[in-house]
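A short write-up of the structure that comes next.
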Amino acid sequence: MAKKQIDSIMQLPVMPLTIEDMTWNKTGTWRLLTPVQQDKTAPCRAACPLGQPVPQMIHQLAQGDPAAGLALLMAYNPMPGVTGRLCYHPCQAKCLRKELDQGIAIQNLEKSASEADGAPVLERQADTGKLVAVCGSGPAGLAAAYFLGLAGNTVTVLEPGEVAGGLLTQAKAGQLPPEVLAKEVERLTQVAGVTIKTQAAPSFLAGMDLVLVDAGAYAPHSAEAQAVNALASGGPEPLVMDADGGFKASQVAHALALGREAANQAQAALGLPAVFAQPELGPVATVDDLTLGFFAPAEVSEQAQEEAARCLSCGTCNLCQQCALSCPDACCNLNEAGGTIEIDLYHCKGCGICSYECPRGALVMENQP
Amino acid sequence: MKKVIMGTETAALAAVLARVQVVAAYPITPQTVTVEELSDYIGKGELDAEYITVESEHSAMAACVGASATGSRAFTATSSQGLALMHEMLHHAAGGRLPIVMLNANRALSPPWNLYCDHTDSLSQRDTGWVQYYCCDVQDVMDSTFIAYRVAEKVMLPVMINLDGFYLTHTSEVIDVPDQEEVDRYLPPYDPVDKVDVDNPSTYGCVCGADLFSSLKYRRQMDTLAVEQAWQEASDEFAARFGRSHAPVQGHNLDDAEVVIVTIGTAGGAAQLAADALRKEGVVAGSLNLAMVRPFPHQSFRQAVSGAKHLVVLDRDVSYGGEGIVAQEIKSCLYGKSSAQVHGFIAGAGGMDITEELLADMTREALGGQKQGLELGDSIWIKVLP
């Protein structure tokens, strides 16, 4: 935009008021330091065995959209309703809200998100034409099947017993009711297009491109382990998941992570690209990144949306717009469609107020033009 | 309707009849009655306006600036120390081209403390860009308020209506109070082109660089100089409707006058009597009430005194290190345009009454008669200790 040309006294306004906006004045050329949004990794996420985007999920709950929160979780975790009940929640131990009052009940929030209506629609890769069998329906097997299904393979899980779930079927009903397990298994098959055959027979394996075995959680000589191993005979050389001596129910997230990693190994064996990759994460946020003065103390709430609103979103932009409020030049603006904060570098003078004011340390000033 | 009414009450009633929409004021003697009356009118629902109570005169003017910028008709009243405290915001009101009208009750600035009439308070705000009008009687207070809004909203400049403290603020006279309908016909509602509007945001009093700053000042000076003509026209129209004139320069027997007594404010009445008395002695005298000091009414003034050989100028003020401020103004106006001799007298401050006899004696001294006061610099001081 060019500066407005005024050629005579009578073209001046009577009152000294703006006759146009100042966008023609590209004050961005004055800048020495540049604000850059650099999300750090929230300590809860860093502690999660599955690396789930915890603050982002909680943000969706706070916004009243548990389905969006569930979709975020299921890109990492096929059974959030199980981890939301059984996991030993190392996330909660790291919660920085404890510096202010009490930590967030993250596991309850995960459970709450898992109870969102319907199954999220995750992007499923184009059909690869590959047939994959997973022997054993423990959490690792189900996770492997889920991610291989998302990768576009035709996946069948073979379970010698009557119910899918492996060791999870033996969890105390008070902790994991059987109907919840059934619902979680049903949902993951629906999302990833996986078929489960219970009371399966080994003859099925002829013609498979790949066989994956999940018997690791059982004692090697137990009847269950033998039944799973027996299933895998009669097909191609199986890929065996090394559970390193098995998991307790509370370690279900580790089992799921093992299965997720096994899916990547299976993909490699099939000559296909990896199906899951943890995005590159910034350094872990500490209490020094937070400006606790911005946050009012608030009681822990049983109600998920209220509890979610207590999350400080450590190191992670949650569109609070404190930067937009404090920028003297209106250079930080919410892009509602994109759900991001955009910084107008044509006019940003690099004063650094946005970075100073960011309550969660997600904006840094960098020595770049 | 005829009414016996005091100057301060008249200012409040005039504001009511002018249908002001925002009043922000702080009380100060001798103006207090005006803002008390206004709060009564508003409190009783007789005036549909916002009364903004403030903690100082600076805030009072700031509130008027904001109110006026939104397109409201704003009014305030102050005096002396209060006017001095407003100083910064006076520049803002005039520079912002906001047609605020303010009553100022002329009172001495301390120290020493003195509550009585002195014109130094308003005259030392001469360069803020406000139009300054000085009332000579209570009717003038009523009428000039309507003319002030009429002119202010035409030229987009604020107007200060000055009342001599106590001589005018606390004197009751019989005046003619016009009907609301008559006032409404003379003074239509204020509806500016530019005003603060949340639906059409812009910055008021914004930054301006060297490229346009001088041009804006030039434009403001051009518009300010045009006030003399605008006021004259508004006064003429007022005279046509109401039969009373309140021109920037008000002369008495000036057509053939060789000696003119020049005053501002209430001394104009005594000046007329003094001039009449001097005529009986054979001095061809007249008097001139200089109602407008800013902008200085150059054309009317030069015209009015074109035949005069002597101007006897009364100053109820002094510019320390200079002379009487009105005398300075007149010398500046006449320099190179008139050969009349300007005799500056400083008298009437702090409660000293200006009488017909005092003005006549000053005139006789100017014409070579007996000395009345002490000469100091370019002025003669009256009634000071030897």
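Protein sequence lines, in the order shown, are assigned to chains L and E.
So the first sequence is residues 11 to 379, counted in this note's numbering.
So the second sequence is residues 148 to 533, counted in this note's numbering.
Cβ coordinates follow ideal geometry from the N, Cα and C atoms, glycine included.
These numbers come from a predicted model, not from an experiment.
Taking residue i as part of the alpha helix (DSSP H), name the residues at either end of that continuous run.
i                      : result
residue 145 of chain L : It is not in any alpha helix (DSSP H) - residue 145 of chain L instead sits in the beta strand (DSSP E) that spans 141-145.
residue 182 of chain E : 179-190
residue 506 of chain E : 503-513
residue 99 of chain L  : Unbroken run through residue 99 of chain L: none, as it is neither H nor E.
residue 189 of chain L : 188-202
residue 64 of chain L  : 64-72
residue 371 of chain E : 357-372
residue 52 of chain L  : Element bounds for residue 52 of chain L: n/a, residue is neither H nor E.
residue 441 of chain E : Residue 441 of chain E -> not in any alpha helix (DSSP H); beta strand (DSSP E) instead, spanning 439-441.
residue 290 of chain E : 285-302
residue 447 of chain E : 445-451
residue 319 of chain E : Premise fails: residue 319 of chain E lies in the beta strand (DSSP E), 319-323, not in any alpha helix (DSSP H).
Excluding the 5 residues flanking residue i on each side, which residues of the same chain have their C-beta closer than 6 Å to its C-beta?
i                      : result
residue 266 of chain E : 253, 463 and 464
residue 37 of chain L  : 357 and 359
residue 449 of chain E : 484
residue 130 of chain L : 80, 81 and 84
residue 316 of chain E : 154, 155, 177, 252 and 310
residue 407 of chain E : 433, 435, 452, 455 and 458
Taking all protein chains shown into account, decide if residue i is buried (16 or more other Cβ within 10 angstroms of its Cβ) or exposed.
i                      : result
residue 250 of chain E : buried
residue 482 of chain E : exposed
residue 369 of chain E : exposed
residue 134 of chain L : exposed
residue 208 of chain L : exposed
residue 260 of chain E : exposed
residue 35 of chain L  : exposed
residue 74 of chain L  : exposed
residue 321 of chain E : exposed
residue 226 of chain E : buried
residue 323 of chain L : buried
residue 231 of chain L : exposed
residue 365 of chain E : exposed
residue 354 of chain E : exposed
residue 328 of chain L : buried
residue 291 of chain E : buried
Between which two residues does the beta strand (DSSP E) containing residue i stretch?
i                      : result
residue 114 of chain L : It is not in any beta strand (DSSP E) - residue 114 of chain L carries neither H nor E in the DSSP assignment.
residue 344 of chain L : 342-345
residue 151 of chain E : 149-153
residue 234 of chain E : No beta strand (DSSP E) holds residue 234 of chain E; the alpha helix (DSSP H) holding it covers 234-242.
residue 225 of chain L : Looking at the DSSP string, residue 225 of chain L is not in any beta strand (DSSP E), and its letter there is neither H nor E.
residue 169 of chain L : 164-169
Here's a check: name, in chain order, each residue in its chain whose Cβ is nearer than 7 Å to the Cβ of residue i, leaving out the five neighbours to either side.
i                      : result
residue 59 of chain L  : 263, 264 and 267
residue 386 of chain E : 392
residue 112 of chain L : 310
residue 404 of chain E : 431, 432, 433, 454 and 455
residue 428 of chain E : none
Thinking C-beta only, is residue j closer than 8 Å to residue i?
i                      : j                      : result
residue 294 of chain L : residue 56 of chain L  : yes
residue 394 of chain E : residue 510 of chain E : no
residue 264 of chain E : residue 312 of chain E : yes
residue 165 of chain E : residue 345 of chain E : no
residue 454 of chain E : residue 434 of chain E : no
residue 164 of chain L : residue 140 of chain L : yes
residue 210 of chain L : residue 170 of chain L : yes
residue 396 of chain E : residue 451 of chain E : yes
residue 459 of chain E : residue 531 of chain E : no
residue 337 of chain E : residue 300 of chain E : yes
residue 221 of chain L : residue 145 of chain L : yes
For a test of the three-state rule: what should DSSP assign to residue i, helix, strand or coil?
i                      : result
residue 195 of chain E : coil
residue 307 of chain E : strand
residue 136 of chain E : Outside the displayed range of chain E (148 to 533) lies residue 136 of chain E, so it cannot be described from this structure.
residue 528 of chain E : strand
residue 42 of chain L  : coil
residue 256 of chain E : coil
residue 427 of chain E : helix
residue 313 of chain L : coil
residue 61 of chain L  : coil
residue 230 of chain E : helix
residue 232 of chain L : coil
For residue i, I'd like the list of residues in its chain whose CB is within less than 8 Å of its CB, leaving aside the five on either flank, ordered along the chain.
i                      : result
residue 12 of chain L  : 34
residue 235 of chain E : 205
residue 384 of chain L : Past the boundaries of the shown model lies residue 384 of chain L; chain L is included only from 11 to 379, so the question cannot be answered.
message: Please identify, using Cβ separations under 7 Å, the residues of the stretch 31-60 of chain L that lie next to chain A, in order along the chain.
response: In the structure shown, chain A cannot be found, because the protein chains are L and E.
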